[in-house]
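These protein sequence lines map, in sequence, to chains W, H and S. Going by the working numbering, the first residue of the first sequence is number 79, and it counts up by one from there. Going by the working numbering, the first residue of the second sequence is number -15, and it counts up by one from there. Going by the working numbering, the first residue of the third sequence is number -7, and it counts up by one from there. Idealized CB from N, CA, C, for every residue including glycine. Notes follow once the structure below has been shown.
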Amino acid sequence: MAFKGAIVVDTEKCKGCGVCVANCPTQTIALAKKVNSKGYPYCYMEFPDKCTGCSNCAVVCPDSVITVYRVKI
Amino acid sequence: MDVKDIINPENFVYGKSKVLTDTVMHYCPGCSHGVVHKLLAEVIEEMDIQDKTIGVSPVGCAVFAYKYIDIDWQQAAHGRAPALATATKRLYPDKYVVAYQGDGDLASIGTAEIIHACNRGENIVVIFINNAIYGMTGGQMAPTTLIDMKTATTPYGRSVELNGHPLKITELIAQLEGTCFVTRQAVHTPAGARRTKRAIRKAFENSAQKKGTSLIEVVSTCNSNWKMSPVQANEWMVENMFPFYPLGDLKDR
Amino acid sequence: MAEKLLKKGNEAIALAAIRYGADGYFGYPITPQSEVMETLMEEMPWETTGMVVLQAESETSSINMLYGGACCGKKVMTSSSSPGISLMCEGISYMAGAELPCLVVNVIRGGPGLGTIQPGQSDYFQAVKGGGHGDYKVIVLAPASVQEMYDFVGLSFDLAFKYRTPVMILSDGAIGQMMEKVELREPVRRLTDEEIAEKYGHWATVGKQPHRKGNIISSLSLEAWEMEAINLRLQEKYKKIKENEVRYETLLCEDAEYLLVAFGSSARICENTVELAREKGIKLGLLRPITLFPFPEKPIQDLLPQLKGVMSVELNAGQMVEDVKLAVNGKVPVEFYGRMGGSIFSPQEVFTAFSEKFNL
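Here it is as structure tokens:
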């Protein structure tokens, strides 16, 4: 069974620690070139097609800024 | 399928726990505290015990835990969280009491309180964050600081001659008859975080079953005071902390 | 008829704790007050009222157990003696800062340091001026009999909850160890958890209820303006306590030309000194502060027009005399007589000192 996923990032609360990037098994996530109002580069789906909705990024996120959605395909 | 179509409430699989408040945590980017707070909140939410759980926050970075986890909290004096938790649990035996402490709090100034609470077998949950340094005060040596590790008070590295040995307090606590579950975990990976959450859940269940004290050490990072990026700090922890503080259950009965 | 027993002061504290509906006692052995916990353990109140009694690993731990228990809206208490109270001062400061009710009994022994196990009153400053860090006060009650040891336990809990503040019973080795008749009062039932949630659930950590935010008990405030606001509120509370809670007793003050001021065991000795003076035709009276904070300033000031002199009599090097001087404010001479380190004066000794100081 295959899954397709997507994440929504609360970009204002993201601190750009990059732990999600390091833990994404499909290299979907990257830190943005832009920063939020606190000056942190926030995480986003650089390659949305790769996301499987595994939740790993959200599980290790210290600031709980990632919400994960997933569908079976 | 388009991203827009996936982002739909019915496809929701994981998000912020309802037991977490909306307050932005003061922790540095990548700090392990945030992950452990989240896991604790998730356990409280899943067990549906928000109205029955009383938290005791320490002195140290986690002093403000009360701003982030939406339960009733007591803010203890430095090292004394187990004493507060003892009285709270004795006076409310049917509630859940969780003491959240760092390494300076639990393993240095509060050594007597944690040892005796565990030895009495208080039916409490203790979460022990060990990042081998004092975070809040700016990176001084902790009892758990590794040999040769540089801190603000060991600028040339911790030496046995000057500072003694790093304290494996969790091993010590596992020896005490009053403890039922003593484990060492880490939250730098999804698997580690999930294991830590299962440990926290087990600790709360032990408390309900009055089996004794459960202590979960979480080997953690302090990237700011270690002077590394969050990802580098996680790697450093794996390479240097884990050999001295090996992960796994020390006791489970 | 109320039950009357012959009991030590320390035992009376323990019996009173159970009968006034205390929820928890947390303590650590130290002479000369160990009978408090020993009596509680003998009585086993957990079998009757459900009161928790626990021997802690230290006084530091005891006071922090009180902190936890008080956070829960429960009636909690400890007892100790001077060196132990020094260890507790950090916790008392936290509880004053976090506005928590509790009772701390200090059965004073002579100091400083490990000192001696004989009685003294050398912890007056520590009790009434703070003891720990920060601008705080605790209500201090000074019993002079075994009956007052008993009665002040109930009074302390009432005041502690009325003002949400720690209350201290400042006793000494003499009152703690001596045996006297004590009349047991009508027992007060412990509150149930539901009653506590109802009464104190708006601030106490009884478990977060869905209709409210989580209760947070803390003495921390990193914002200077916020910390100042908390301090101003505390000072306002102490002002109210000063206005409403002054307690004292007088002996032959109506016509007195000279006044002794003494508390606790010193006051008992001074009662006989007053008698000695009266036999010699000297119009001496005694004012016994029952509350040391708030100090009975006004009652002393009210007597000043008729007085030629005041002498503070204490089992220390002269501590309360400073508060007496503040009250008298230079209007009449204020003298001091005291003995230290566990030594006790006789009524005659006090009278001799008094006569010499005022050339009578």
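| Asked | Found |
| --- | --- |
| Is residue 308(S) closer than 8 Å to residue 334(S) when the C-beta atoms are compared? | no |
| Would you call the region -3 to 6 of chain H in contact with the region 128 to 147 of chain W, where contact means no fewer than 3 C-beta pairs closer than 8 Å? | yes |
| Less than 7 Å separating the Cβ of residue 113(H) from some heavy atom of the ligand HEM? | In terms of ligand content, the structure shown is empty, and the ligand HEM therefore cannot be addressed. |
| Would you tell me roughly how many angstroms separate the C-alpha atoms of residue 44(H) and residue 138(H), rounded to the nearest one? | 19 Å |
| Answer with yes or no whether the minimum CB distance from residue 36(H) to chain S is below 8 Å. | yes |
| May I have a chain-ordered list of the beta strand (DSSP E) segments no shorter than 3 residues that lie completely inside the region 104 to 132 of chain H? | 109 to 114 |
| Since residue 41(H) sits in a beta bridge, which residues does DSSP pair it with? | 59(H) |
| How would you list, in chain order, the residues of chain W whose beta-carbon sits under 7 Å from the beta-carbon of residue 11(H)? | 140 |
| What residue range does the beta strand (DSSP E) around residue 285(S) cover? | 283 to 285 |
| Residues bridged to residue 164(S) by DSSP? | 100(S) |
| Any contact between the region 161 to 175 of chain S and the region 29 to 36 of chain S? By contact I mean 3 or more CB pairs, one from each, below 8 Å. | no |
| For the alpha helix (DSSP H) that residue 122(W) lies in, which residues bound it at each end? | Segment 119 to 123 is the beta strand (DSSP E) holding residue 122(W); no alpha helix (DSSP H) there. |
| Would you check if there are 3 or more beta carbon pairs closer than 8 Å linking the region 120 to 130 of chain H to the region 85 to 104 of chain H? | yes |
| With 8 Å as the threshold, decide whether the Cβ of residue 95(W) is near any Cβ in chain H. | yes |
| Apart from the five residues just before and just after residue -4(S), which ones in its own chain have a Cβ nearer than 6 Å to its Cβ? | 173 and 175 |
| List, in chain order, every chain H residue whose beta-carbon is nearer than 9 Å to that of residue 151(W). | -15 |
| Mind checking who residue 108(W) pairs with in its DSSP beta bridge? | 122(W) |
| For the region 116 to 130 of chain S against the region 88 to 95 of chain S, do three or more pairs of beta-carbon atoms, one drawn from each stretch, fall closer than 8 Å, so that the two count as touching? | yes |
| Spell out whether any CB of chain H is found under 8 Å from the CB atom of residue 60(S). | yes |
| Alpha carbon to alpha carbon, how far is residue 102(H) from residue 165(H)? Give it in angstroms, no decimals. | 10 Å |
| Please classify residue 208(H): does DSSP put it in a helix, a strand, or coil? | helix |
| For residue 48(S), I'd like the list of residues in its chain whose CB is within less than 7 Å of its CB, leaving aside the five on either flank, ordered along the chain. | 18, 19, 20, 54 and 57 |
| Residue range of the alpha helix (DSSP H) that residue 143(W) falls in? | Note, residue 143(W): premise wrong, no alpha helix (DSSP H); not H, not E. |
| Pull up the CB-CB distance for residue 115(H) and residue 205(H), whole angstroms please, since I reckon it's below 8 Å. | 6 Å |
| Can you pull the DSSP bridge partners for residue 280(S)? | 241(S) |
| Are the beta-carbon atoms belonging to residue 197(S) and residue 58(H) less than 8 Å from one another? | yes |
| I want to know whether the region 186 to 196 of chain H touches the region 149 to 159 of chain H - three or more CB-CB distances under 8 Å. | no |
| Taking only runs that begin and end inside the region 33 to 72 of chain S, name each unbroken beta strand (DSSP E) of 3 or more residues, in chain order. | 44 to 47 and 68 to 72 |
| With 7 Å as the limit, tell me which residues of the region 80 to 99 of chain H have their beta carbon closer than that to any beta carbon of chain S; keep them in chain order. | 96 and 97 |
| Per DSSP, what kind of secondary structure is residue 85(H) in: helix, strand or coil? | strand |
| Which residue or residues does DSSP assign as beta-bridge partners of residue 0(S)? | 171(S) |
| Classify residue 199(H): buried if its beta carbon has 16 or more other beta carbons within 10 angstroms, exposed otherwise. | buried |
| Look at residue 119(W) and residue 84(W) and say whether their C-beta atoms are less than 8 Å apart. | no |
| With C-beta atoms as the reference, is residue 7(S) less than 8 Å away from residue 155(S)? | no |
| Let me check one thing: in DSSP terms, what residues is residue 250(S) bridge-paired to? | 276(S) and 301(S) |
| Can the beta-carbon of residue 122(W) be found closer than 8 Å to that of residue 108(W)? | yes |
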